[in-house]
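**Student:** One structure is given below, represented as structure tokens, and several questions about it will come after.
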Amino acid sequence: MSFLKRVFLSVLTSILVSLFIFVISFSLMTGEFPPKVSHIKNLYFTFVQLKALNNEHQRNQAHSQNQNLDANLEEFSMYNKQVGAISNRLQAADAVDSLSQQSTYSTVADRVRAETEQRQKATQYLVQTQQLKDEINRLKNENEVLRKKLNAVVQRR
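Residue numbers in the sequence shown follow our numbering, run continuously in steps of one, and reach 198 at the last position.
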């Protein structure tokens, strides 16, 4: 239980006890004991109002805590992304460092050149494949048009 909640509940309890003592002392001073029902009703309604205020206070605290948690989560997510980016950079630097330590610069350049050539060939194959697919679709469409024309000629005869 948080400190503020304990303080609030103790204040609420002291207020209720004070109200109860006030009602009892007022009824004793007026010579009416036991107290009138209206006094008890007033005490009850005061208690209900204080309880509603307590509930509203708790809801407001929970809402502000949720907002703080959302802000903290967003900030943590941002830091996590930054740490991930830095980690990726470090891994790339470590990879380059280990590669340069394992071989000379010329072999590193040869490997980079070979990988670049492979990527270029793969890109060329993808472009050629797409061109062939486009050509096949064009020929299919042309074939369909010619079939329709042929059917039209056959139906005229």
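All residues carry an ideal CB built from backbone N, CA and C; glycine is no exception.
According to DSSP, is R198 part of a helix, a strand, or is it coil?
**Tutor:** Three-state result, R198: coil.
**Student:** May I have the straight-line CA-CA distance separating K190 from K162, to the nearest angstrom?
**Tutor:** Taking the straight line from one Cα to the other gives about 42 angstroms.
**Student:** Helix, strand or coil for S128, going by three-state DSSP, please let me know.
**Tutor:** Residue state, collapsed to three classes: helix.
**Student:** I need the DSSP call for S43, collapsed to helix, strand or coil.
**Tutor:** Residue state, collapsed to three classes: coil.
**Student:** Between the C-alpha atoms of Q106 and F86, what's the straight-line distance to the nearest angstrom?
**Tutor:** Each residue's Cα considered, the two are about 30 angstroms apart.
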